[in-house]
Amino acid sequence: MTEPLPTVPPQPLTCADAPAPSTSSMWRDLISAYAASATKIGSWVVVSAGLFRHDMGDYAVFALVRATIGLLNYTSLGLAPAMIQQLAQALARIRSQPPQQVIPLSDDQTRVLDYAGPPPPLPTRQAAAAIYSNACLAALLTAIVGIGLTIAYSHSFALLHRVPFRMTEQIGQIVMAMGLGTVLRLVSDVHGAVLQSHQQIARDNAILSLADLAWVALCVTPFSFTAGGAAYAYLASSGLLLAARWRAARDCMSILPEARYINWRSLRELLAFGVLVSCAQLADFLYAPTDFILINRFLGPLEVAVYAPAVQIDAAMLVPVAGLAAVLLPRGAAAHAQQQYATLRMYYVRGTLASAAILAIAALAVWGASPWIFKLWLGDSMPATRAILPLVLTHTVVGGSSAVGRSILLGMGKIKPFTVSVLVAGAGNVMLSYVFVRYTDLGLKGIVLGTIIGVTARCAIWTPWYVLRVLPRT
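Numbering that gives the first Met the number 0 puts the sequence shown at residues 0 to 473.
Written as structure tokens, this is what we have:
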């Protein structure tokens, strides 16, 4: 009877072959995500306060640059979610590989090149390396586009916007520093996606938090709380973020990006997925920005001032659920790739219910404390804003609770139906808001009502139906 073929001795466990995500680290990932969000918001609060106290003109210019340069985020083409989804599939295939069998050599056989080292990477490992390599190439191409747009914007900023005369000479440098810093952060998202897909979520969030803390520290020394100093500090902290994420990704991946892994098919798949993610993100302009235009056109600029504080509260309330959704994207992608459908269903149901509960409690608290909030914040109790606030908080709760559904669908690769649903709902919001404000006497309530209908149709009806429909029972 012949003896069974021996297997290759087990290799040391690497990050690339790490086990599937476990519930034991969920709280660690959530805490790190909320810490990263808090650090991001806190760094801007500290820097803006320093600029405001130093010179209101510096603060105004820096805020304008930061707000407008943020459009560069769309040049990233959603590469990070695309990488997370595809890497999850590749890593699941690596984990499911059976041990490699070898044929033993007899004593009289010659061992050729016994010193040559380990065999070349297996096809599944090459697939993961190809995804990483092609994503790095795509990030490089989008970075070139972003740098070109930054250069053009820096030369035309003073023509497009009103700038204090004393800052006309340095405004181009401020825009360049902020633009390049934004581009570096977008490029670092590719390496961050490697960490997240390998379930190193807390590590990635820690790096993000340290980069934001570095921005604040650099504003104090060696730079100063001026618009130029804050911009250069942002650029420096972005460079540190890119270097730290790249180093962490290098430690995580056993194969680094190489030109030989460039595959145009893989590159097209990444870009196709990412472009659809960007289209879904662009649908955000079909909500508050379009509502501002309709309000200004049909109700007047004073009504814009009434509506704006409610929208800012809406955006602030979404921060808690954003952290949960960010953690469930890589975890959901990994669970789907390993066909752990019960786990994926648990993520969706519990995550959605938790998001709805968090937002509902926060909405009630904000509504009850709104007179004091507005008085402390704006120096006025804002009765007109408080009149529409319950309606705004309604679509905040409904829309925010669907953030987990978005993460689950992206992790499953269901980007096309998700993007179509977002664009259809956004277009519906524009049409309904226009009809209500143009042909009824509802005023601002008509604007918000249009948003409630569109958000409810997509987030409370379509998303649960579709997610549970495409999730297998077993």
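Ideal placement from N, C-alpha and C gives every residue a C-beta, glycine not left out. Source: prediction; values computed, not measured.
Using only alpha-carbon positions, find the residue among the options that is nearest to residue i.
i	options	result
V189	Q169, P256, A356, A333	P256
A205	A34, I407, L270	A34
L470	I407, E302, A129	I407
V182	L234, V193, S153, N133	L234
R249	A271, Y131, S236	Y131
M25	P382, M345, S369, L212	M345
D28	L328, R468, Y465	L328
Y438	L422, V144, L298	L298
V409	L86, V45, V46, R52	Per the sequence shown, the amino acid found at residue 409 is Leu instead of Val. Checked all of L86, V45, V46, R52; the closest Cα to L409 is L86.
G227	L207, G191, S208, S47	S47
A126	I150, M252, S155, L63	M252
L179	H160, L148, I200, L159	L148
P80	Q280, I30, K444, L422	Q280
T462	A364, V348, F61	V348
G350	R330, A364, A309	R330
Y465	T418, A307, L194	T418
I83	V421, Q199, A307, F156	Q199
V162	I146, M55, L78	M55
S208	T67, I30, V434, A271	I30
V45	L301, A213, I68	A213
Taking the alpha helix (DSSP H) that residue i falls in, what are its first and last residues?
i	result
Y340	340-377
D283	First-last for D283: undefined, no H or E at that position.
A459	Counting along the chain, A459 falls outside any alpha helix (DSSP H), and DSSP gives it neither H nor E.
F417	414-438
H190	170-196
G41	25-53
H335	318-336
H160	Segment: none, H160 is in no alpha helix (DSSP H) and carries neither H nor E.
M411	402-411
G399	382-399
Y73	Neither: Y73 is in no alpha helix (DSSP H) and is coded neither H nor E.
A213	200-219
A258	Neither: A258 is in no alpha helix (DSSP H) and is coded neither H nor E.
L239	226-251
Can residue i and residue j be called in contact, C-beta distance under 8 Å?
i	j	result
A426	L285	yes
V454	I446	no
S196	A32	no
A424	A456	yes
L390	A362	no
T225	D57	yes
N428	G412	no
K39	D290	no
L266	L136	yes
R202	S237	no
V215	S42	yes
G398	C458	yes
V64	M166	no
V310	A282	no
M177	A243	no
F373	P416	no
A303	N295	Here residue 303 is Val; the residue named in the question, Ala, does not match the sequence. The answer is yes: Cβ separation under 8 Å.
Is there at least one Cβ from chain B nearer than 8 Å to residue i's Cβ?
i	result
C218	Judged by its chain identifiers, the structure shown contains no chain B, having just a single protein chain.
Rounded to whole angstroms, how far is the Cβ of residue i from the Cβ of residue j, which I believe are closer than 8 Å?
i	j	result
L240	A134	About 17 Å; that fails the 8 Å criterion.
L431	I452	6 Å
A129	N262	5 Å
V193	A142	That pair is no contact at about 17 Å.
I387	L443	5 Å
A359	V396	5 Å
- request: For the segment 358-378 and the segment 335-349, state whether three or more C-beta atom pairs, one from each stretch, are separated by less than 8 Å.
  value: no
message: Tell me whether the segment 315-324 and the segment 399-410 touch, counting them as touching only if at least three CB pairs, one residue from each stretch, are closer than 8 Å.
response: yes
message: Would you call the segment 262-281 in contact with the segment 351-362, where contact means no fewer than 3 C-beta pairs closer than 8 Å?
response: Judged by Cβ distances under 8 Å, the segment 262-281 makes no contact with the segment 351-362, as fewer than three pairs qualify.
- prompt: Pairing CB atoms from the segment 212-220 with CB atoms from the segment 166-173, are three or more of them under 8 Å?
  reply: no
- request: State whether the segment 302-318 contacts the segment 72-91, with contact taken as three or more CB pairs (one from each stretch) at a distance under 8 Å.
  value: no
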